[in-house]
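Heads up, the sequence shown is in this note's numbering, so the first residue is 1 and it goes up one at a time. Quick reminder that beta carbons are idealized off the backbone N, C-alpha and C, glycines included. Only one structure is covered here, and it is reproduced in the block below.
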Amino acid sequence: MHQHEAPPLHLDHTGHAADGIGRLEQREWSRFIWAWSVAAPLVTWLYAAGILNMAGETDVRVDSSSAPTINLPATWLAADEIARYLQELNGYATPEQAANDQKGAYLAIELGRAVSIADRRWPRVDKPHAMRLMRCGGCSELTLMYRPPRFPGDAIVVDCPKCGYSMPEDLFSVNVLLIEAEMAGADAAVEASEVTLAA
């Protein structure tokens, strides 16, 4: 793993950030506070995801100089990195104290980086996103937006920001099943054609 020393940005004569907290720029501080608050549950989730992944394929292979190989889920490696930064940051009484110390500021930046990468790579919650495989029932364009439930009992919302069309949840469920069946049929057709070509 490559670790780098974060370059000091806009520091005043005391070695502290001119616009931020301690040695951290404001954006670094904001990311650090967010990372500190979500890191512990994220580590637990990453380890659990790794256990589930062990039943299937693993995506990271660690080789020692004397073989044999050890297959580890990437989520475990990410969890170990985040846990290591958290353990070192536990030596500081407050986030502010860490931000005012040179090593603490470095750890704060690295924790923010590691948590951001893990959060992006392995999302834990469904987020609103564009639907690129389903046409709008109003304008017939690929403009539908999917918005997941925000709390238990909340409905899924699929709507078009362009024309205002809103797809009922039951119609959305049927369309999803149809698209999945169509994609599975296409995959089966490709596999059958590959078998035919190989023969």
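Pick helix, strand or coil for residue i, following the three-state DSSP scheme.
i, result
"Asn71", "strand"
"Thr58", "For Thr58, the predicted structure reports a pLDDT of 45, less than 50, and the residue's modelled location is therefore unreliable. A value from the coordinates is still provided. Here Thr58 sits in coil by DSSP."
"Gly202", "With the chain covering 1 to 199 only, the question about residue 202 has no answer from this structure."
Looking at the secondary structure, which residues open and close the alpha helix (DSSP H) in which residue i lies?
i, result
"Tyr146", "Segment Met145 to Arg147 is the beta strand (DSSP E) holding Tyr146; no alpha helix (DSSP H) there."
Assign residue i to buried or exposed, taking buried as 16 or more other Cβ atoms, counted over all protein chains shown, within 10 Å of its Cβ.
i, result
"Cys163", "exposed"
"Glu182", "exposed"
"Pro7", "With a pLDDT of 44 at Pro7, under the threshold of 50, the predicted position of this residue should be treated as unreliable, though the coordinate-derived value follows. Looking at its Cβ environment, which holds fewer than 16 other Cβ atoms inside 10 Å, Pro7 is exposed."
"Arg31", "buried"
"Thr75", "buried"
"Thr143", "buried"
"Val190", "exposed"
"Ile179", "exposed"
Have a look at the options and flag the residue whose alpha-carbon is nearest the alpha-carbon of residue i.
i, options, result
"Gly153", "Arg120, Thr143, Glu169 and His129", "Glu169"
"Ile28", "Ala98, Ala155 and Gly91", "Residue identity check: residue 28 is Glu in the sequence provided, not Ile. When only C-alpha atoms are compared, the closest one is Ala98."
"Leu89", "Asn71, Ala49, Ala40 and Cys136", "Ala40"
"Pro95", "Arg23, Ala48 and Gly185", "Arg23"
"Glu25", "Arg84, Ala188, Leu42 and Ala108", "Ala108"
"Ser173", "Ala188, Ile156 and Asp119", "Ile156"
"Arg121", "Trp36, Ala79, Gly137 and Met134", "Ala79"
"Tyr106", "Gly50, Leu86 and Pro128", "Leu86"
"Ala130", "Met145, Ser140 and Gly138", "Met145"
What are the start and end residues of the beta strand (DSSP E) that includes residue i?
i, result
"Val115", "Per DSSP, Val115 belongs to no beta strand (DSSP E); it is in the alpha helix (DSSP H), Gln102 to Arg121."
Every unbroken beta strand (DSSP E) inside the region 122-198 [3 residues or more]: 145-147 and 157-159
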